[in-house]
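Below you'll find the structure, written out as structure tokens, and then a few comments.
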Amino acid sequence: MDKQWQVIYYVSASGDIPVRNFLDAAGPMLKTKALRILQHIEEYGLQAAIGHIKKFAGTPLWEIRILGGDSARIFFVTQEGKRIVLLHAFYKKTQKAPQKEIALALKRLREHEGP
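Counting in the numbering used here, the sequence shown runs from 201 upward without gaps.
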């Protein structure tokens, strides 16, 4: 089956891949859930993952919600050519996403897009 979407990990100027590092350090259950959602998006598109994703109003950001004992979020953006760029991941401990997490994702988006 052809992939509907291409998943791209943000890479910092120093070569760091923060979302991949987060997933590698996460527990096996959280990592499995996250990778399953990403695979689902790749194969069937964003609409198929509607129960796991949410658009942030007023920003270009979307979030993937990974629920369970350790709830986590992955911020991403969509790009032309049916690509999503994974920008930032964090453990969710409060009802609303902290502004510092949103700001970091937006900063990485600016870096990814270049000058």
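Ideal Cβ placement from N, Cα and C applies to all residues, glycine included.
| Check | Outcome |
| --- | --- |
| Rounding to the nearest angstrom, what Cα-Cα distance links Trp262 and Phe256 in this structure? | 6 angstroms |
| For His288, which residues in the same chain have their Cβ closer than 8 angstroms to its Cβ, ignoring the five residues on either side in sequence? | Tyr210, Pro218, Val219, Ile274, Phe275, Glu301, Leu304, Ala305, Arg308 |
| Rounded to whole angstroms, what's the CA-CA distance from Lys254 to Ser212? Just pull it up for me. | 25 angstroms |
| Note the first and the last residue of the continuous beta strand (DSSP E) segment covering Phe276. | 272-279 |
| Can you tell me which of Asn221, Thr294, Lys233, Gly258 puts its alpha carbon nearest to the alpha carbon of Ala335? | Absent from the structure is residue 335, since the part of the chain shown begins at 201 and ends at 315. |
| Give me, in chain order, the residues of the same chain whose beta-carbon lies closer than 6 angstroms to that of Pro260; leave out the 5 immediate sequence neighbours on both sides. | Val277 |
| Taking the straight line between their C-alpha atoms, what separation do you get for His252 and Pro228? | 18 angstroms |
| Measure the beta-carbon distance from Trp205 to Ile264 and round it to whole angstroms, keeping in mind my assumption that it falls under 8 angstroms. | Not a contact, Cβ separation roughly 12 angstroms. |
| What first and last residue would you give for the alpha helix (DSSP H) that runs through Lys233? | 228-244 |
| If you measure between the beta carbons of Arg283 and Ile208, is that distance less than 8 angstroms? | yes |
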